[in-house]
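Some notes on the structure that comes next.
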Amino acid sequence: MTTTNPPARVRFAPSPTGFLHIGGARTALYDYLLAKQTGGAFILRIEDTDQKRYQDTAEQDIKDALAWMGIQPDEGPDRGGPYAPYRQSQRSQIYRDIAEELIEKDQAYYCFCTTERLSEVRDQQQKNNQTPHYDGTCRRLDKKEAVNRAASGEPHVIRFKSPRGGTTTAVDALRGEITVENSSLDDIILIKSTGLAVYHLAAMVDDHLMGITHVFRGSEWLPTFPIHVLVYRALGWDEPIWVHLSVLLKPDGKGKMSKRDTELAREQGYPIFMKDMEDLGYIPEAVINWIALMGWSYDDKTEYFTLSDLVDKFSIDKLNPSPAAINFSKLDHFNGLHIRELAVEDFAKRIKPWFEKAGLLPRDEILVPVAAALQKRTKKLTEVVDMGGFFFHDEVGLALDRIVSSKLSAGQAAEAAERILEIFRGLDEITQDKAETALRELASQMGLKAGQIFGLLRESLTGQKVSPPIFDIIPILGRELVLERLEKAHKILSKA
Ligand code: GLU
Numbered sequence: 013m014t015t016t017n018p019p020a021r022v023r024f025a026p027s028p029t030g031f032l033h034i035g036g037a038r039t040a041l042y043d044y045l046l047a048k049q050t051g052g053a054f055i056l057r058i059e060d061t062d063q064k065r066y067q068d069t070a071e072q073d074i075k076d077a078l079a080w081m082g083i084q085p086d087e088g089p090d091r092g093g094p095y096a097p098y099r100q101s102q103r104s105q106i107y108r109d110i111a112e113e114l115i116e117k118d119q120a121y122y123c124f125c126t127t128e129r130l131s132e133v134r135d136q137q138q139k140n141n142q143t144p145h146y147d148g149t150c151r152r153l154d155k156k157e158a159v160n161r162a163a164s165g166e167p168h169v170i171r172f173k174s175p176r177g178g179t180t181t182a183v184d185a186l187r188g189e190i191t192v193e194n195s196s197l198d199d200i201i202l203i204k205s206t207g208l209a210v211y212h213l214a215a216m217v218d219d220h221l222m223g224i225t226h227v228f229r230g231s232e233w234l235p236t237f238p239i240h241v242l243v244y245r246a247l248g249w250d251e252p253i254w255v256h257l258s259v260l261l262k263p264d265g266k267g268k269m270s271k272r273d274t275e276l277a278r279e280q281g282y283p284i285f286m287k288d289m290e291d292l293g294y295i296p297e298a299v300i301n302w303i304a305l306m307g308w309s310y311d312d313k314t315e316y317f318t319l320s321d322l323v324d325k326f327s328i329d330k331l332n333p334s335p336a337a338i339n340f341s342k343l344d345h346f347n348g349l350h351i352r353e354l355a356v357e358d359f360a361k362r363i364k365p366w367f368e369k370a371g372l373l374p375r376d377e378i379l380v381p382v383a384a385a386l387q388k389r390t391k392k393l394t395e396v397v398d399m400g401g402f403f404f405h406d407e408v409g410l411a412l413d414r415i416v417s418s419k420l421s422a423g424q425a426a427e428a429a430e431r432i433l434e435i436f437r438g439l440d441e442i443t444q445d446k447a448e449t450a451l452r453e454l455a456s457q458m459g460l461k462a463g464q465i466f467g468l469l470r471e472s473l474t475g476q477k478v479s480p481p482i483f484d485i486i487p488i489l490g491r492e493l494v495l496e497r498l499e500k501a502h503k504i505l506s507k508a
């Protein structure tokens with residue numbers, strides 16, 4: 013525990029309607045950080061009351077993403093906990109009971125208006141240039157009569173009885189007091205005609221019953237925020253600390269990421285959804301660092317944070333309510349930074365599957381040295397095969413035309429290959445110390461630049477134009493393989 017603040021109970025309450033995106037992951041991360049910092053609890057609650065948008069693979073996707081980030085809930089549908097169940101579809105009766113309690117307290121009422129009637133009212137209001145809202149017809153019904161009608165099975169919803177006069181002030185931890193005229197508040201539906209509760213009731217009930225101390229959520233909830241505090245107050249409950257996080261903007265800063273922008277970005281290969289991060293070569297340490305800084309900062313200079321640094325340093329007062337543009341190149345930057353910080357054995361473990369996926373056999377005996385040669389140069393794990401696949405290829409594909417066209421004639425290339433071979437054969441160990449001078453001399457004897465000789469050597473050993481430094485590669489390949497590849501190159505070049 014790193015603060016003296018009381019243990020926070022913080023929940024991540026996603027709706028299982030699609031893949032977890034970076035915005036949702038940010039909320040979950042902040043929840044986790046506060047919970048861990050205060051020795052409290054990080055709770056996962058699945059808000060699956062919207063059956064129309066429900067997707068049955070989404071819950072698993074969310075759990076997988078949290079696991080990948082290394083932020084496991086302390087309580088949730090899988091872990092259980094003192095306030096189970098943690099899936100709203102299994103809590104319908106609880107919401108129904110509280111809605112009825114609100115009716116008893118005269119803070120809610122049954123509404124029997126049909127959809128047809130409601131749409132007529134809406135049309136009329138629009139014609140009169142009014143914001144559409146419920147016109148309060150059933151608010152005026154006799155309560156006993158309404159109770160009887162509902163009990164006899166007449167289709168109904170339950171609406172919240174918003175106060176009519178005065179103002180309501182809600183307090184957001186980042187924005188301070190937000191005051192609205194009560195006349196602008198609608199009598200929103202709490203329980204739908206299907207009997208299922210909507211977010212405005214279900215989330216409040218659960219947050220209260222689950223002892224939630226801090227609510228971190230997206231700022232799309234700001235418009236209905238006053239209603240949420242009114243629900244709390246109508247029930248006589250203490251409010252949590254409300255924190256509405258900043259909106260994430262498109263990379264160009266022009267507007268919010270819409271669903272379409274999200275899809276477009278994904279089609280273009282940008283990491284929007286957590287499930288894509290791994291395939292795109294990002295490591296969780298970097299993603300966490302990147303996400304944490306979208307709307308939070310420690311000071312104006314520190315940018316490198318591990319998860320445990322964040323647990324230590326996170327604080328609500330450093331959250332910024334201003335919209336933040338998503339910066340994908342920053343993610344690449346953080347990925348490179350965090351890759352360089354990994355222990356080489358750890359990096360080796362993470363790159364091994366990439367070689368395997370490319371159909372290569374990453375030999376364990378050289379995997380760690382290969383990792384060491386690649387680590388400094390890797391920004392995304394996707395790059396390791398292009399950069400280091402040659403270590404594990406049986407055959408190195410030589411692009412002859414490239415060697416020849418890189419300002420060496422076929423004859424020169426063949427001669428150079430032969431003479432490099434001679435030099436290497438004469439060395440019991442091919443080290444930079446022993447070989448470099450000889451190779452430079454060879455270049456000057458042949459009237460070539462040293463770079464042309466080294467380029468040829470690189471191509472012969474790797475089949476690539478770009479690779480880790482040649483003298484880092486040679487000891488890993490080993491003398492035998494180096495000579496073998498050079499011989500092969502020489503043979504090919506002589507025939508060219
Ligand atoms: N289920 C809501 C959503 O996914 C949660 C909002 C909240 O955290 O209260 O937007």
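In terms of the working numbering, the sequence shown opens at residue 13 and continues consecutively.
Ideal Cβ positions, reconstructed from N, Cα and C, are used throughout, including at glycine.
Check: residue i C-beta below 6 angstroms from any heavy atom of the ligand GLU
i      : result
ALA37  : no
SER27  : yes
ALA215 : yes
GLU59  : yes
ARG99  : no
ARG229 : yes
Extent of the continuous alpha helix (DSSP H) to which residue i belongs
i      : result
ASP321 : 319-325
GLN303 : Note that residue 303 corresponds to Ile in the displayed sequence, not to Gln. Counting along the chain, the alpha helix (DSSP H) containing ILE303 begins and ends at 296-304.
THR274 : 271-279
LEU56  : Looking at the DSSP string, LEU56 is not in any alpha helix (DSSP H); the run it does join, the beta strand (DSSP E), is 53-56.
TYR211 : 211-221
ASP376 : 376-387
PRO238 : 237-246
GLN136 : 127-139
VAL159 : 155-163
Paired residues, beta bridge with residue i - DSSP
i      : result
PHE404 : The partner list for PHE404 (beta bridge, DSSP) is empty, contrary to what the question assumes.
VAL255 : PHE228
PHE3   : Given that the chain is displayed from residue 13 to residue 508, the structure contains no residue 3 and the question cannot be resolved.
GLY88  : GLY92
LEU574 : Outside the displayed range of the chain (13 to 508) lies residue 574, so it cannot be described from this structure.
ALA120 : PHE172
ARG99  : ILE58
THR449 : Note: THR449 sits in no beta bridge, so no partner.
ALA429 : DSSP lists no partner for ALA429.
PHE285 : HIS33
LEU292 : DSSP lists no partner for LEU292.
C-beta atoms of residue i and residue j nearer than 7 angstroms
i      : j      : result
SER341 : GLY307 : no
PRO85  : GLY51  : no
VAL323 : GLN49  : yes
ILE170 : ILE203 : yes
ILE363 : VAL396 : yes
LEU32  : MET286 : yes
THR191 : THR206 : no
ILE303 : LEU41  : yes
MET269 : LEU260 : yes
LEU495 : ALA426 : no
ALA185 : PRO238 : no
PHE172 : ALA120 : yes
HIS256 : LEU234 : yes
GLY82  : PRO252 : no
LYS391 : ASN347 : yes
SER174 : LEU197 : yes
PHE466 : ILE485 : no
VAL243 : MET216 : yes
ALA385 : PRO487 : no
Opening and closing residue of the beta strand (DSSP E) in which residue i lies
i      : result
ILE190 : 188-193
PHE24  : 21-24
VAL183 : 179-184
ILE34  : Per DSSP, ILE34 belongs to no beta strand (DSSP E); it is in the alpha helix (DSSP H), 34-49.
LEU202 : 201-203
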